[in-house]
Amino acid sequence: MNTTRTVANTTYPNDIPSKPSIPPRPSKTLDSSGFSPRLLSTSPDELSSIPSLNITPPRITMSSPFSDGETEVDKLSLTAPLVPLPARKPPPPKPQAGGPSVGAIRSLGSLSNSSQASVDTISTSSSVASGFQRPPPPPPPRSRPKASSVPLGSPTPSTQSSSKSLNPPPPLPSRKHNTMPTLDYEPSTPTTSFQPPTPSIATLPLPPPRPSSRVYPISPISPLPSIKQDPPPQSPMLERKSLGSAKLLPPPTRTIALGDKLPPARRPGGGTGDSSDDESGEDATAVEDTKFLGGDSFPDSSRSSRRPPIAAPFRAGQFALPKILINAYGGHYVVAGSLVAVGHSYTIKVYDLSVFDSPMYMVDTKDLGKITCMELKSTGEGEARLMWVGTKEGQVFEVDLRTGAICSTKQVTNLHPVTHVLRHGRAMVTLDEGGKALVFTEGEGNRGVSLTGTQPRVLRVTEKQDFVRMLGGKLWTAARTDHNGVGGAVSSRLPIIRVYDLFSPGSTGKSIVPTEHVGAVTSATMIPSHEGKVYVGHEEGFVSIWAVEGTEDGYPKCLEVVKVSASDVMCVEGVNERLWIGSRNGIISAYDVAARPWVVTNSWSAHPGLPVLKLSVDVFGIDEGRLSVMSVGRDDVMRFWDGLLGMDWMQNELQRREDSYSKFRDVTALFLSWNCDAARPDSLTGDPANVNLFSDILNSVDEPPDIIVFGFQEVIDLESRKMAAKNVLLGGASKKKHHDEGVTGLACSGNGLSDKVTGAYRRWYERLVKEVRSAMPQMPYTVVHTESLVGLFSCVFIKATERFSLRDVAVTSVKRGMGGRYGNKGAIVARFILGDSSICMVNCHLAAGQNAVRRRNADFAAILEEKSVFPPTEYPMAYGGGGDGTMILDHEIVFVNGDMNYRIDHRREAIISSIRAGEFANILAHDQLLREIKFNRGCRFRGFSEGPITFAPTYKYDPRSNEYDTSEKRRLPAWCDRVLWRSRDPSRVQQLHYRRYEANVSDHRPISAAFKITVKTIEHDARMQALKHVRTLWEEEQAQMLAQARVAYFKENDM
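The opening position of the sequence shown corresponds to residue 1 in UniProt numbering, with each subsequent residue numbered one higher.
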């Protein structure tokens, strides 16, 4: 019976042959459009097995709502195509509240809500009856102006298909959708009117998109076209648009077609590795070279003295200099020999340190005003007994330091508070907050200026200056808020310095700026022995150098900028032949600026942990036989220092005569350094190089060594989370001093061999004791040090015959991992005094990574500069550099061994080729450590020595093989394992050998180094005689230095 059924004004014949059965609709397999992708995900072979479908040879185009174009399905058609209706208006891009259900199936054409419900009802009932779900028809194309681009996430355009035009079909405009990928090309220009295509299953309407960000899988029967393909005819490339409302373009993408050749894979060799071995090869070399060129301009401090240059007492019987309290920010002071005046608020205290340590006079200034500044007035021939004082009320008065009396007062000198009183020769200058400067020049009588009798000349300068000083006859000023540069970039802002020639009538000031980025100006000075230059201190650790003579316009010109410290430069002062700099960290350093690079001759903690705010020189004390330097810190204490550094001069001269009061003898020391990569002692089997490792090392010297030092790294697995947790929880016990025990006794107890974390340290200790006893059975040894630190392990043996010569034995550790909180990187530091020579041994493991050069430098610098590593010594004559034995560089001889992790900045192929040819000199030129020592001024290894390297790189091997790293990371071979030394007298350490061994149980090869060390024994009576002679020489030298200083200082100040 031929009947018809009408749905939504569309008539379908009921006599469709071979009508496919419609299965029930699965509730959880619908995609965002509301229909099941089962049919589209079914292969043609599976479709042919459906009895209700007739498979015909013609190729029918089927459009997938998830594809970027058309997909052809071979041999698939239906015998009774559906007839689509005319086009309807496009739905709104977002469903409105109260609209039709998102999951409802839309019919062809423009339907009402009621007709839509009818389609839903019929589709549901048919699905239940037939067991086969009929795919919904796609929507007809909509007329739309041609788009210039398609936003990312828009859907693939529906295709207008026809049985007569299959290859290629006419493209349609794209529909907006937030879940589909962007097209790589623009579709052809769409038609403005709809032409009904030949009915097919591919033209069934698609439901509206669901407002969701979910992305559904693409049907395998409708594969995506290639990411990069030729566009259809007459379709220009689309421009990329920004995402959503953002104005920035999306990141660039790289498209590769399915048939295109893939780019070459990133080379895993050349140093690429894990997080610690990120980059290497030529790129890494280039990066490091730029760092070398930029250069750490820190001066060389490897030989600086840490002895504080305490000034000589002011009178006989004064065993310690007095502590004069002064308010760091609101206090002011002047010093003239033994006379010291300190002013604060409304009180002036006057001291005469040649008589008493307490104030002699107290001057009350409440009637005159609050004290804001003080300066001495020169009366000629170096005499200074009068002082000018400025007040907040704008007045200036004069005080006699010898009597404490107020000599004269100048009322209403300034309308604003007087901020500075300055002296140049015999002239005086006052400066107030409003920028008014009064210049008092010398009158008749040649006795200096008079506060009330001299008529000042009035000048105008800038207001509210933070830095003011007279240098070379000119006034230098600067304010923290004055910067030269546009924008907020720190690197483009330079501090402005204004220079005024106050003593040349009619001259105007000039603004100058440094040539490089520096911090704000904090201070400035001139060095008497270096005429014609001004040294300006800046925050961020910079010092700028200016020429003040021989310039074109007569004003200063910046010559260079030097980075001297990581801490801010708070104050500078030229003292004799040195530049003294006070830092924010409380340290005062003296620099020899004549050397290139600058050399730090002295560096000591003047105001521990607190900023050094002021430095000044007492030029008037030269006539009393002293050149004092005063410093004021945030601790509100004034301290006196010897500007001639006489103690260091005498110690250096005494050291040159050491042969006259000391006896010397030689001892041998043998060092082993090995990163064992968590290998156990019982793994040294198989290869003879493994079995005989310790025997070969201990017999590498002709005679049994007096000192044997074993330094291991990575005794435990540093990558084990369990081991790391145990170290954090159980490895933080307080260190105990180890008891010395003989090799023949039991294993030494203490924190170094604790079994709380692991038994690996004890196992290695027992193996070392066994090997030493086996190699030298007739020579008993004593263990003087054992210590462990998260993989690091040190064990020090000494001959029993030398045991009674040891003193001041100590051992400790320094953590550098995780910012100094974890010991996976760091050092074990051991020391003792043998005879009267102090010897320190450092076993270290520095930061890993091909490009982590700066981190390694920082690790080693932190280890060397660690404060109070050891307790203060009771044997000061055994230490050098003015130290008390609390720091590593206080020791006379220092050895450093370990896995320092410095790499080779070269191509892997070139490194391997040079190794096979035995041409190590070619790759030593690229060794990071040697380059740092040569080029980096701030590298703390610069004071150390290393023997010639004549063996192949010791890292990184495949365990149990002789091949360098063949894993995917293919790390570069490198000399990571090193032994270096430092001696106060270089002739007292001679290297006997420096070699490697072929034990292959680790990825590192072990190395050893043997030394002949000369130790001394002091004869104290002879030393006292030598010291008396040196003191006599110093008195002569001091008189000569004071005479030169007097000429230089008084010439500089025209006094």
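C-beta atoms are modelled at their ideal positions from N, C-alpha and C, and glycine is treated no differently.
Review point. If we count Cβ pairs, one from each stretch, closer than 8 Å, do we get three or more for the segment 876-891 versus the segment 918-925?
Key: no
Point to revise | Closest Cα partner of residue 776 within the set 338, 698, 473 | key: 698
Point to revise | Classification of residue 614 by the beta-carbon crowding that lies within 10 angstroms, buried from 16 upward | key: buried
Point to revise | Assumed close pair residue 606, residue 628 - CB separation to whole angstroms, cut-off 8 Å | key: The Cβ separation is near 14 Å, so there is no contact.
Point to revise | As assigned by DSSP and simplified to three states, the class of residue 1045 | key: helix
Review point. Should residue 366 be labelled buried (16 or more other beta-carbon atoms within 10 Å of its own) or exposed?
Key: exposed
Check your understanding: Where do the N-terminal and C-terminal ends of the alpha helix (DSSP H) with residue 652 fall, by residue?
Key -> 646-656
Check your understanding: Helix, strand or coil: which one does DSSP assign to residue 997?
Key -> coil
Point to revise | Local Cβ density within 10 Å of residue 195, reported as buried at 16 or more and exposed below that | key: Annotation note: pLDDT 46 at residue 195 (below 50); position unreliable, coordinate value reported separately. Under this definition residue 195 is an exposed residue.
Point to revise | Inter-residue spacing [alpha-carbon to alpha-carbon] between residue 901 and residue 955 | key: 9 Å
Check your understanding: If we ignore side chains and look at the alpha-carbon of each, how far apart do residue 797 and residue 710 end up?
Key -> 8 Å
**Study point:** Inter-residue CB distance, residue 363 and residue 396 (contact presumed, cutoff 8 Å)
**Key:** The Cβ separation is near 15 Å, so there is no contact.
Review point. Measuring CA to CA, which of 620, 918, 965 is closest to residue 385?
Key: 620
Practice item. Taking residue 766 as part of the beta strand (DSSP E), name the residues at either end of that continuous run. Key: Where residue 766 is concerned, there is no enclosing beta strand (DSSP E), although the alpha helix (DSSP H) it sits in stretches over 760-775.
Review point. From this set, 799, 781, 800, 762, which residue's C-alpha is nearest residue 793's C-alpha?
Key: 762
Exercise for review: With a threshold of 16 other CB atoms inside 10 Å of the CB of residue 994, please say whether the residue is buried or exposed.
Suggested key: buried
Point to revise | First and last residue of the uninterrupted beta strand (DSSP E) at residue 640 | key: 637-642
Check your understanding: residue 689 and residue 998 look like a contact to me (Cβ under 8 Å); what is the Cβ gap, rounded to whole Å?
Key -> 4 Å
Check your understanding: To the nearest angstrom, how far is it from the Cα of residue 769 to the Cα of residue 972?
Key -> 35 Å
Exercise for review: Say whether the segment 311-322 touches the segment 337-356, bearing in mind that this needs 3 or more beta-carbon pairs closer than 8 Å, one atom from each stretch.
Suggested key: yes
Exercise for review: Quick one: give me the first and last residue of the beta strand (DSSP E) that residue 335 is part of.
Suggested key: 331-336
Practice item. Keeping to the same chain, check which residues put their C-beta closer than 7 Å to that of residue 911; ignore five residues upstream and five downstream. Key: 904, 923, 972, 973
Review point. Can we say the segment 846-856 touches the segment 806-813, given the rule of at least three CB pairs closer than 8 Å?
Key: no
Practice item. State the start and end residues of the unbroken beta strand (DSSP E) segment that holds residue 392. Key: Element bounds for residue 392: n/a, residue is neither H nor E.
Practice item. Would you mind sorting residue 608 into buried or exposed? The rule is 16 or more other CB atoms within 10 Å of its CB. Key: exposed
Review point. For residue 862, which of helix, strand or coil comes out of DSSP?
Key: helix
Practice item. Would you grab the beta carbon distance between residue 1033 and residue 653 for me? Rounded to a whole angstrom, and I think it's under 8 Å. Key: 7 Å
Practice item. Express the C-alpha separation of residue 651 and residue 497 in angstroms, rounding to a whole number. Key: 42 Å
Practice item. State the beta-bridge partners of residue 939 as determined by DSSP. Key: DSSP output for residue 939 lists no bridge partner at all.
**Study point:** Start and end residues, alpha helix (DSSP H) containing residue 951
**Key:** Segment: none, residue 951 is in no alpha helix (DSSP H) and carries neither H nor E.
Check your understanding: Does the Cβ of residue 464 have 16 or more other Cβ atoms within 10 Å, making it buried, or fewer, making it exposed?
Key -> exposed
Review point. Can the beta-carbon of residue 597 be found less than 7 Å from the beta-carbon of residue 300?
Key: yes
Check your understanding: So the beta strand (DSSP E) residue 406 belongs to, where does it begin and stop?
Key -> 406-410
**Study point:** Length at least 3, wholly inside the segment 413-447: the beta strand (DSSP E) runs in chain order
**Key:** 418-424, 427-432, 436-440
Practice item. Give the single residue among 660, 306, 416, 551 whose Cα lies nearest to the Cα of residue 369. Key: 416
Exercise for review: Find the nearest neighbour of residue 869 within the set 559, 857, 886, judged by alpha-carbon distance.
Suggested key: 886
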